[in-house]
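Novice:
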Ligand SMILES: Cc1cc2nc3c(=O)[nH]c(=O)nc-3n(C[C@H](O)[C@H](O)[C@H](O)COP(=O)(O)O)c2cc1C
């Protein structure tokens with residue numbers, strides 16, 4: 126392993142008073158990073174996971190489904206809960222509900238979600254608009270002032286390519302008392318495609334003292350090394366790269382621990398992960414919801430293998446856990 130990388134990983138990353146053993150975070154993903162998925166990732170050694178984004182408004186009004194979204198368990202720590210909202214007042218209201226419920230170690234604020242429904246409410250990446258800088262500072266500072274846990278933020282490079290302001294956003298957030306920033310190396314207008322512009326993460330890292338985590342298309346061990354070396358940032362945040370391919374998280378942890386690296390999963394091992402995920406999902410949400418969610422999630426586990434179309438078709442129309450296990454066995458026996 127290269128010396129620079131080795132020296133960096135010898136130091137644990139501190140996010141306020143929360144110390145993580147390796148510079149790796151599982152990215153928040155709505156509809157995915159609930160307790161079931163986080164539990165599987167923790168068992169593979171992931172040092173820190175982030176919940177799905179939860180709405181400040183829904184928390185304030187006691188929405189039961191939203192409160193269920195912050196279900197956690199012993200293995201799930203340290204845990205970061207991600208909150209989204211469009212104004213200082215509503216974020217504070219939502220955060221107060223979270224603090225009362227407790228059971229998490231970090232509060233993360235979503236300043237990067239690009240979807241219309243969210244930015245229309247002035248939440249997510251709407252906060253990155255230059256004209257909202259002061260409002261952003263006030264909102265985050267107020268959250269930091271009342272938070273019993275470290276506050277972190279997840280951002281993008283800016284609203285669009287003509288308004289990339291990631292360096293000044295990071296400075297503003299650092300001044301407001303944020304303890305770590307994860308940067309998705311795209312603008313809001315890029316949504317989820319187009320080449321990530323990691324050069325801006327490098328600039329942001331040079332501009333602030335708090336830990337910076339790089340995010341966006343980091344989907345292999347080689348990419349982890351390349352991004353850490355190039356940007357000099359403190360760690361990486363991984364989302365889609367491990368979706369359907371959880372072994373990537375284990376491989377990255379092994380790389381950081383200087384251990385022999387596990388082989389890529391075979392199709393049969395991918396199916397084993399899918400079954401674990403499904404079982405945890407059933408524990409969390411019951412059979413009906415687990416089946417309904419696994420119809421969509423299962424395709425990720427079969428990605429990249431030939432001859433899967435017929436199984437995908439069966440999985441998207443399955444109706445019971447027995448049917449799920451039957452299809453899973455058929456895939457495992459397929460060659
Ligand atoms: C299905 C899906 C749901 C997501 N939900 C969230 C979310 O709730 N909060 C958030 O900050 N980012 C969310 N993201 C963005 C990811 O956290 C991450 O920034 C993005 O996917 C880029 O990283 P990746 O290439 O490693 O996936 C989501 C992404 C996907 C694909």
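In the numbering used here, the protein residues as written are 126 to 460.
Note that CB positions come from ideal geometry on N, CA and C, so glycine has one too.
As the structure is a prediction and not an experimental result, all values here were calculated from the model.
Taking the alpha-carbon positions, what's the residue 278 to residue 358 distance?
Specialist: As a working mapping, residue 278 is identified with position 153 in the chain shown. As a working mapping, residue 358 is identified with position 233 in the chain shown. When rounded, the distance between both Cα atoms is 15 Å.
Novice: From which residue to which residue does the alpha helix (DSSP H) around residue 427 run?
Specialist: By one-based count along the chain shown, residue 427 stands at place 302. Where residue 427 is concerned, the enclosing alpha helix (DSSP H) stretches over 412-427.
Novice: Excluding sequence positions up to five away, which residues of its chain have a Cβ less than 8 Å from the Cβ of residue 165?
Specialist: By one-based count along the chain shown, residue 165 stands at place 40. Around residue 165: 371, 398, 401, 402, 405.
Novice: Report yes if the CB atom of residue 200 is closer than 8 Å to the CB atom of residue 176, and no otherwise.
Specialist: The count along the chain shown starts at 1 and reaches residue 200 at position 75. The count along the chain shown starts at 1 and reaches residue 176 at position 51. Their beta carbons are not under 8 Å apart, which means residue 200 does not touch residue 176 by this criterion.
Novice: Quick one: measure Cβ to Cβ for residue 297 and residue 262, integer angstroms, because I've assumed they're closer than 8 Å.
Specialist: Sequence index remark: in the chain shown, residue 297 carries index 172 (1-based). Sequence index remark: in the chain shown, residue 262 carries index 137 (1-based). Going by Cβ atoms, the distance from residue 297 to residue 262 rounds to 5 Å, so yes, they are a contact pair.
Novice: Tell whether a beta-carbon distance below 8 Å holds between residue 178 and residue 229.
Specialist: Taking the chain shown and counting its residues from 1, the one referred to as residue 178 is at position 53. Taking the chain shown and counting its residues from 1, the one referred to as residue 229 is at position 104. Cβ atoms of residue 178 and residue 229: not closer than 8 Å.
Novice: Could you give the residue range of the beta strand (DSSP E) that holds residue 340?
Specialist: For the purposes of this step, residue 340 is identified with residue 215 of the chain shown, where counting begins at 1. Unbroken beta strand (DSSP E) run through residue 340: 337-340.
Novice: Under the rule that 16 or more other beta-carbon atoms within 10 Å means buried, what is residue 375, buried or exposed?
Specialist: Translated into positions along the chain shown, residue 375 becomes position 250. Burial call: buried.
Novice: Assuming contact is defined by CB atoms lying nearer than 8 Å, are residue 338 and residue 305 in contact in what I supplied?
Specialist: Taking the chain shown and counting its residues from 1, one reaches residue 338 at position 213. Taking the chain shown and counting its residues from 1, one reaches residue 305 at position 180. Against a cut-off of 8 Å, the Cβ pair of residue 305 and residue 338 comes out as a contact.
Novice: Since residue 471 and residue 231 should fall inside the 8 Å C-beta cutoff, what is the C-beta to C-beta distance between them, to a whole number of angstroms?
Specialist: This structure does not reach residue 471, given that the chain is present from 126 up to 460, and the question cannot be answered.
Novice: Which residue comes first and which comes last in the alpha helix (DSSP H) that contains residue 270?
Specialist: Looking up residue 270 in the chain shown gives position 145. Start and end: 258-271.
Novice: Whose CA, out of 409, 418, 368, 276, lies closest to the CA of residue 428?
Specialist: For the purposes of this step, residue 428 is identified with residue 303 of the chain shown, where counting begins at 1. The shortest Cα separation from residue 428 among 409, 418, 368, 276 belongs to 368.
Novice: Suppose the cutoff is 6 Å on Cβ atoms and the five residues either side in sequence are ignored; what does the same chain contact list for residue 290 look like?
Specialist: One-based indexing of the chain shown puts residue 290 at position 165. Closer than 6 Å at Cβ, skipping near neighbours: 255, 283.
Novice: Sort 355, 353, 349, 379 by Cα distance to residue 366 and report the nearest one.
Specialist: Looking up residue 366 in the chain shown gives position 241. Considering only alpha carbons, the answer is 349.
Novice: Measuring only the C-alpha atoms, how far is residue 248 from residue 293?
Specialist: If you number the chain shown from 1, residue 248 lands on position 123. If you number the chain shown from 1, residue 293 lands on position 168. Taking the straight line from one Cα to the other gives about 19 Å.
Novice: Candidates 395, 285, 219: which alpha carbon is nearest residue 425's?
Specialist: In the chain shown, residue 425 corresponds to position 300, counting from 1. The option with the nearest alpha carbon to residue 425 is 395.
Novice: Indicate whether residue 333 and residue 302 have their beta-carbon atoms separated by less than 8 Å.
Specialist: Numbered from its first residue, the chain shown carries residue 333 at position 208. Numbered from its first residue, the chain shown carries residue 302 at position 177. Not in contact: residue 333 and residue 302 (Cβ atoms no closer than 8 Å).
Novice: Under 7 Å from any heavy atom of ligand 1, does the C-beta of residue 317 make it?
Specialist: Numbered from its first residue, the chain shown carries residue 317 at position 192. Yes, since a heavy atom of ligand 1 falls inside the 7 Å radius drawn around the Cβ of residue 317.
Novice: With residue 197 and residue 160 assumed to form a contact (beta carbons below 8 Å), what rounded beta-carbon distance in angstroms separates them?
Specialist: For the purposes of this step, residue 197 is taken as residue 72 along the chain shown, with counting starting at 1. For the purposes of this step, residue 160 is taken as residue 35 along the chain shown, with counting starting at 1. Going by Cβ atoms, the distance from residue 197 to residue 160 rounds to 6 Å, so yes, they are a contact pair.
Novice: Can you give the Cα-Cα distance for residue 251 and residue 295, rounded to whole angstroms?
Specialist: Numbered from 1 along the chain shown, position 126 holds the residue referred to as residue 251. Numbered from 1 along the chain shown, position 170 holds the residue referred to as residue 295. Cα to Cα, the separation comes out at about 15 Å.
Novice: Could I get the ranges of all uninterrupted alpha helix (DSSP H) runs contained in the stretch 133-182, with 4 residues as the minimum, in chain order?
Specialist: 160-168, all fully within the stretch 133-182.
Novice: Going along the chain, which residues of its own chain have a beta-carbon closer than 8 Å to the beta-carbon of residue 412, five neighbours each way excluded?
Specialist: Working through the chain shown from its first residue, we reach residue 412 at position 287. The residues are 445, 446.
Novice: Does the beta-carbon of residue 152, which I'm using as the reference point, lie nearer than 7 Å to any heavy atom of ligand 1?
Specialist: Along the chain shown, one-based indexing puts residue 152 at 27. For ligand 1, at least one heavy atom lies less than 7 Å from the Cβ of residue 152.
Novice: What first and last residue would you give for the beta strand (DSSP E) that runs through residue 278?
Specialist: As a position in the chain shown, residue 278 is number 153, starting the count at 1. Residue 278 -> beta strand (DSSP E) spans 276-281.
Novice: Quick check: the Cα distance between residue 453 and residue 192, rounded to an integer number of angstroms?
Specialist: Here residue 453 corresponds to residue number 328 of the chain shown, with the count starting at 1. Here residue 192 corresponds to residue number 67 of the chain shown, with the count starting at 1. One C-alpha to the other measures close to 32 Å.
Novice: Could you tell me whether any non-hydrogen atom of ligand 1 is closer than 7 Å to the CB of residue 340?
Specialist: Reading the chain shown from its first residue, position 215 is the one you call residue 340. Under cutoff, so the answer is yes.
Novice: Using three-state DSSP, classify residue 73 as helix, strand or coil.
Specialist: The structure shown does not extend to residue 73, since the chain is modelled only from 126 through 460, so no value can be given for it.
Novice: What does the Cβ neighbour count give for residue 434, buried or exposed, with the cut at 16 atoms within 10 Å?
Specialist: In the chain shown, counting from the first residue as 1, residue 434 sits at position 309. Per the 10 Å Cβ criterion, exposed.
Novice: Assuming the contact rule is C-beta atoms closer than 8 Å, residue 140 and residue 362 should be a hit. Round their C-beta distance to whole Å, please.
Specialist: Here residue 140 corresponds to residue number 15 of the chain shown, with the count starting at 1. Here residue 362 corresponds to residue number 237 of the chain shown, with the count starting at 1. With 8 Å as the limit, residue 140 and residue 362 do not qualify as a contact, their Cβ atoms being about 12 Å apart.
Novice: From the DSSP output, which residues share a beta bridge with residue 361?
Specialist: Position 236 of the chain shown, counting from 1, holds the residue named residue 361. Answer by DSSP bridge pairing, in chain order: 149, 339.
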